[in-house]
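Shown next, in structure tokens, is the structure this report addresses.
In UniProt numbering, the protein residues as written are 1 to 602.
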């Protein structure tokens, strides 16, 4: 490795590029400031794999796939993150007398020399993919130790809660220990791609939990007395009343993390040991997903687009909190947002800013609620109205009448599936004739975790799992299912990212007749027997058969929507068969996340 050969010359000598291509790449490099290798890859003159293999052969160093390598987390920490990112390197293994160090550019002799000065042992250099390298940084350089250190610093600075409250806001925010602790918490959450942060005080400790791919991950901080400091600082950031601790409060703020503008929706709630805070994180820098990017199958997407092109009627998107309803609605609005259409939205809160769209933030404290805004909206000559949520009878009726009088109305509803959504409107007091005349289609959705493509392996369901799956599809006995074994890429979870599960119910004449007479049983029968209707459980099981998700995720979804029918045979086997609750491990919340921003896995 002592011979210095320029990368461009090496590529030309090996016939991967020619001289004119090299000159063009060098000119581009001068414009962008990127390294030559990255420039060549961006210009699609060489692939990253070709470049890595060439460096490995020429420098006589091994080429290592980080995703497949058993990286030692303790060894990684031997090199501080700042230096690791600076030199594009990572310590993969401590071999006793030497350290195996992966580098994206092992031909950078200056970086190799500096790493030799920083690390305590002799170096063995390997070449690794830069993309894998950055993913490894996010996986291994979590802020856990940093958070613990700042928490200890804050606890030493303020021995009791009253002392912090007396001095809160007096110091420069950027210079205080609490500000550094919060910044570290936000950075760790963004690095882990968390959708929510939970700050929960106990009697003896403070819990900080992050929801990643719908599952909560917990960090315990023994310094219980810093809880009030964190909550107080967050309230100041969100403009909330810092003197009010007895009532829940909602607010929002923005933070900047690693160049990303993160919108934070904050909710406080008084609990026995203080105040708990939950923060929903929305990455405004990432932009909105289009309907094509939500992961909907094309046949379903085509049917939804036909519904969206209708001049009037109501379309509902339904599912629990965090299932991606808002993302789907915004994707639809982005598609409908044309100069010739006027769009007005009524939201709580406004999550994303859309050009050309009149977005109204409701404020119940001053009487600016959904129903009052919606009445005014209908007098603003809109073509399309989006209502954040159908919360009460008045809002439902105004929305339905708006759909009946020539407007396309989009909204959400918290129900388990598409079939129960129409029935829910009746339960909320909407007249059956109005629902039948206005409602055109209902989209129900969930998010299920996607199997990590790096460690997927075959899986044979247990007898109990097959028992429940057979209720969805009797022909599951010989299906080869998959699951993730756990690897560095997925943080040993077996899952990486999430995928959307969708169902669409389009109203037919028999369904409308049943709604007019408020015959919910007949409506359910016609809906479930509708030719184009495929329930969520069937869609999820199809994904499991295709190897996208696991049997465990299917069973969790089925339990949530309660779609398993009961038969006489079930009654005979009920004593021998276990309950679904007993056999669905990790009853986490499969849909409590950022949104459909994980779909497809990004």
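Note that beta-carbon positions come from the ideal geometry of N, C-alpha and C, so glycine has one too.
By alpha-carbon distance to residue 51, the top candidate from 67, 14, 83 is 14. Per DSSP, the beta bridge partners of residue 249 are 268. Scanning its chain for C-beta atoms nearer than 8 Å, with the 5 sequence neighbours on each side dropped, one finds around residue 187 the residues 143, 257, 258, in chain order. Nearest neighbour of residue 339 by Cα position, chosen from 326, 348, 355, 329, turns out to be 355.
Shortest Cα-Cα distance from residue 183 to any of 560, 146, 219 involves 146.
Residue 274 sits close to residue 228, with the two beta carbons spaced by under 8 Å. Non-local C-beta neighbours of residue 391 in its own chain, meaning closer than 8 Å and more than five positions away in sequence, comprise 370, ordered along the chain. Rounded to the nearest angstrom, the gap between the Cα atoms of residue 335 and residue 290 is 7 Å. With fewer than 16 neighbouring CB atoms inside 10 Å of its own CB, residue 306 falls in the exposed class.
Collapsing the DSSP output to three states places residue 186 in a helix. The three-state secondary structure of residue 358, taken from DSSP, is strand. By the neighbour-count criterion, in which a residue is buried when 16 or more other Cβ atoms sit within 10 angstroms of its Cβ, residue 23 is exposed.
Looking at the backbone, the Cα of residue 299 and that of residue 502 are separated by about 12 Å.
Residue burial is scored here from C-beta neighbours: residue 199 has at least 16 other C-beta atoms within 10 angstroms and is therefore classed as buried. Beyond the five residues adjoining it in sequence on each side, residue 43 comes within less than 7 Å, by CB distance, of 25, 28 in the same chain, given in chain order. Rounded to the nearest whole angstrom, the C-alpha separation of residue 414 and residue 325 is 10 Å.
Look at residue 305 here: in three-state DSSP terms it is helix.
When only Cα atoms are considered, residue 497 and residue 446 end up about 13 Å apart. Nearest neighbour of residue 359 by Cα position, chosen from 365, 366, 342, 109, turns out to be 342.
Here DSSP, grouped into helix, strand and coil, assigns residue 533 to coil. Take the alpha-carbon of residue 45 and the one of residue 546: they are about 35 Å apart. Distance from the CA of residue 68 to the CA of residue 7, rounded to the nearest whole angstrom, comes to 27 Å. In this structure, 281 is the residue among 281, 397, 376, 112 with its C-alpha nearest to the C-alpha of residue 264. Per the coordinates, the alpha-carbon of residue 384 lies some 12 Å from the alpha-carbon of residue 404.
Residue 424: member of the alpha helix (DSSP H) spanning 418–427, first to last residue.
The shortest C-alpha to C-alpha distance from residue 377 to any of 47, 351, 266, 408 is the one to 408. Excluding the 5 residues flanking it on each side, residue 55 has same chain C-beta neighbours closer than 7 Å at 106, 107, 127, in chain order. Here residue 438 is buried: its Cβ has 16 or more other Cβ atoms, across all protein chains shown, within 10 Å.
One Cα belongs to residue 511, the other to residue 530, and the distance between them is close to 9 Å. It is roughly 29 Å from the alpha-carbon of residue 251 to the alpha-carbon of residue 443. Checking the DSSP bridge columns, you'll see residue 444 partnered with 318, 503. CA-to-CA, the gap between residue 480 and residue 458 works out to about 7 Å.
In summary, residue 463 is exposed, with fewer than 16 beta-carbon neighbours lying within 10 Å of its beta-carbon over all protein chains present. In this structure, residue 89 lies away from residue 109, with their beta-carbon atoms at least 8 Å apart. Fully enclosed alpha helix (DSSP H) runs of no fewer than 4 residues occupy 19–32, 36–42, 48–59, 73–76, 81–87 of the segment 8–94, in order along the chain.
Counting along the chain, residue 511 sits inside the alpha helix (DSSP H) bounded by residues 509–516.
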